[in-house]
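Protein sequences appear in the order of chains Z and E. Going by our numbering, the first residue of the first sequence is number 91, and it counts up by one from there. Going by our numbering, the first residue of the second sequence is number 91, and it counts up by one from there. Even glycine gets a Cβ: it sits at the ideal position worked out from N, Cα and C. Below is one structure; the comments refer to it alone.
Number of protein chains: 2
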Amino acid sequence: MKLFGYWRSSASYRVRIALNLKGVEVAHIAVNLRTGDQRAVAYAKINPQMLVPTLELPDGTRLTQSSAIIEYLDETIDGPALLPADPKTRALVRGAMTVVGADTAPIQNLRVLNHLRGPLKQPDQAVHDWASHWIATGLESLERMVEGHSTPFLYTDTPGAAECFLIPQIYNARRFDVDTSAFPRLLEIDERCQALPAFQAALPQNQPDAPAA
Amino acid sequence: MKLFGYWRSSASYRVRIALNLKGVEVAHIAVNLRTGDQRAVAYAKINPQMLVPTLELPDGTRLTQSSAIIEYLDETIDGPALLPADPKTRALVRGAMTVVGADTAPIQNLRVLNHLRGPLKQPDQAVHDWASHWIATGLESLERMVEGHSTPFLYTDTPGAAECFLIPQIYNARRFDVDTSAFPRLLEIDERCQALPAFQAALPQNQPDAPAA
């Protein structure tokens with residue numbers, strides 16, 4: 091399989107964690123979002139949304155959207171389950187995935203920030219505050235959602251799909267100067283994940299297309 | 091089961107379609123987003139994100155996020171499958187759900203538009219253009235994604251989870267004056283869905299909390 095991604099894209103980061111948790115090796119193909127590689131004609135054919143990630147299967151089928159890709163990996167690849175078996179807990183995990191994947195990350199991603207900067211002529215500080223605001227809002231609600239759950243990970247005993255979404259969002263929170271001390275439970279889970287090789291290897295700065303530090 | 095929702099919320103609309111396709115009756119509880127009911131202390135306990143919908147199960151468990159709720163309904167309730175059985179097609183369906191549910195709707199929903207109007211002091215026209223822009227972007231990419239698929243619905247022979255997301259987004263496209271003629275395939279599917287009772291009964295204007303026409 092081939093993964094088209096970008097070192098700092100949080101959706102690519104999610105899929106890298108999932109692949110690592112499953113112990114699956116793929117060919118990584120870098121799509122540089124800063125220089126507009128995603129809008130190249132060749133890539134637009136691969137992913138009509140001109141976003142990353144895209145997972146290309148051996149038969150040529152191309153899957154897009156990190157949540158769909160992670161569910162697909164869980165359904166087709168043996169190894170640790172990324173989603174719990176019980177339907178109610180699955181629904182809680184998917185709820186957490188969506189708080190990040192729908193209500194937080196897409197509002198603060200590069201194309202939205204560029205639209206604020208460009209057509210809406212917002213100064214850098216306002217763009218930065220926009221991102222921080224939506225990240226803080228998303229993580230605050232997630233912190234409240236998991237109140238009363240004392241499992242080692244958000245809703246489960248082992249790391250899985252919910253953490254694939256949470257950890258890249260905490261990375262973005264730090265990048266946009268969000269005060270993460272307001273989310274003690276999420277930070278505790280972040281620390282637990284950061285200690286695991288699957289999460290370490292997926293870190294943006296550990297990708298070949300990341301600029302040298 | 092109880093569904094907390096709002097007549098014009100597209101996420102509530104999605105869940106109403108899914109419930110109707112499954113033939114499940116629930117108690118509908120209106121949360122008026124215009125008057126801020128979602129921020130009332132009692133509702134914030136039900137849904138810490140202070141968003142709709144929330145599905146309350148008979149045992150008191152509360153599920154949030156339309157995608158998680160729809161997957162849960164499909165996993166636990168007999169009746170027509172909302173997601174196809176084949177993992178690859180499931181991934182395509184989930185991809186389409188996410189193009190709408192993550193990359194389109196959350197960027198044009200009421201809280202984001204209010205944030206543009208309030209803190210960012212954007213005039214009404216700019217707010218309207220913002221919504222139209224992101225809706226058009228999302229639907230354009232979805233139209234390209236389904237190119238070459240000639241099934242009666244997006245990727246399937248029967249309506250399901252992908253259409254639960256598509257139809258409310260087309261409703262929003264019309265509301266924000268997006269030129270839908272650019273999406274002939276999506277419109278064809280919209281027409282096919284609109285002819286079905288499950289979709290008719292879920293229409294915003296057919297809800298008890300909708301204002302009289």
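CB of residue i within 8 Å of CB of residue j, strictly
i                 : j                 : result
Glu253 of chain Z : Ile279 of chain Z : yes
Thr144 of chain E : Pro177 of chain Z : no
Leu111 of chain E : Pro170 of chain E : yes
Pro287 of chain E : Tyr103 of chain E : no
Val190 of chain Z : Gln290 of chain Z : no
Ala292 of chain E : Arg106 of chain E : yes
Ala101 of chain Z : Leu172 of chain Z : no
Thr188 of chain E : Ser157 of chain Z : yes
Met140 of chain E : Ala132 of chain E : no
Reference residue i, options the options, closest by Cα
i                 : options                                   : result
Arg234 of chain E : Z:Pro138, Z:Val142 and Z:Ala117           : Z:Pro138
Arg277 of chain E : E:Ala303, E:Leu229 and E:Ala302           : Going by the sequence as given, residue 277 of chain E is Leu instead of Arg. Out of E:Ala303, E:Leu229 and E:Ala302, E:Leu229 has the C-alpha closest to the C-alpha of Leu277 of chain E.
Gln80 of chain Z  : E:Gly150, E:Gly185, E:Ala251 and E:Arg180 : Nothing can be reported for residue 80 of chain Z, as the shown portion of chain Z is limited to 91 through 303.
His205 of chain Z : E:Gly208, E:His223 and E:Arg207           : E:His223
Leu244 of chain E : E:Pro298, E:Ala181, E:Ser102 and E:Lys211 : E:Ala181
Tyr261 of chain E : E:Pro209, E:Cys283 and E:Thr246           : E:Cys283
Val202 of chain Z : E:Glu146, E:Thr194, E:Arg201 and E:Gly208 : E:Thr194
His343 of chain E : E:Phe289, E:Gln290 and E:Arg264           : In the structure as shown, chain E begins at 91 and stops at 303. Residue 343 of chain E is therefore absent and cannot be evaluated.
Ala175 of chain Z : Z:Ile257, Z:Arg98 and Z:Asp247            : Z:Asp247
Asn199 of chain E : E:Ala285, E:Val142 and E:Leu163           : E:Val142
Leu147 of chain E : E:Glu237, E:Ala134, E:Ala108 and E:Tyr162 : E:Tyr162
Gly208 of chain E : Z:Gly208, Z:Ala216, Z:Pro196 and Z:Val268 : Z:Ala216
Ala108 of chain Z : Z:Arg152, Z:Asp299, Z:Ile257 and Z:Glu237 : Z:Ile257
Asp164 of chain E : E:Gln297, E:Arg275 and E:Pro249           : E:Pro249
Phe255 of chain E : E:Val121, E:Thr151, E:Thr179 and E:Ala192 : E:Ala192
Below-8 Å beta-carbon distance, residue i vs any chain Z residue
i                 : result
Ala130 of chain E : no
Arg184 of chain E : yes
Arg234 of chain E : yes
Gln215 of chain E : no
Lys112 of chain E : no
Ala226 of chain E : no
Lys92 of chain E  : no
Pro177 of chain E : yes
Leu198 of chain E : Here the sequence assigns Gln to residue 198 of chain E, which means Leu is not the residue at that position. Not one chain Z Cβ lies under 8 Å of Gln198 of chain E.
Pro138 of chain E : yes
Thr246 of chain E : no
Ser100 of chain E : no
Residue i (DSSP reduced to helix, strand or coil)
i                 : result
Thr270 of chain E : helix
His307 of chain E : Residue 307 of chain E cannot be examined here, being either before or after the span of chain E that is shown, 91 to 303.
Glu146 of chain E : strand
Gly95 of chain E  : strand
Leu229 of chain E : helix
Arg352 of chain Z : Only positions 91 to 303 of chain Z appear in this structure, which leaves residue 352 of chain Z out of reach.
His118 of chain E : strand
Pro248 of chain E : The residue you asked about is not Pro; residue 248 of chain E is Thr in the sequence shown. Of the three classes helix, strand and coil, the one that applies to Thr248 of chain E here is coil, per DSSP.
Thr151 of chain Z : coil
Ser157 of chain Z : helix
Leu179 of chain E : Note on identity: in this sequence residue 179 of chain E is Thr, with Leu being the wrong assignment. In the structure shown, Thr179 of chain E sits in a helix (DSSP, three-state: H, G or I).
His239 of chain Z : coil
Pro287 of chain E : helix
Cβ of residue i within 8 Å of any chain E Cβ
i                 : result
Asp193 of chain Z : yes
Ile159 of chain Z : yes
Ile260 of chain Z : no
Pro274 of chain Z : no
Ala120 of chain Z : no
Val268 of chain Z : no
Val202 of chain Z : yes
Val189 of chain Z : yes
Thr241 of chain Z : no
Pro143 of chain Z : no
Ile304 of chain Z : In the structure as shown, chain Z starts at 91 and stops at 303, and residue 304 of chain Z therefore has no counterpart that could be examined.
Discussion item. Contact between the region 91 to 99 of chain Z and the region 114 to 127 of chain Z is defined here as three or more beta-carbon pairs at a separation below 8 Å; is this criterion met?
Written reply: yes
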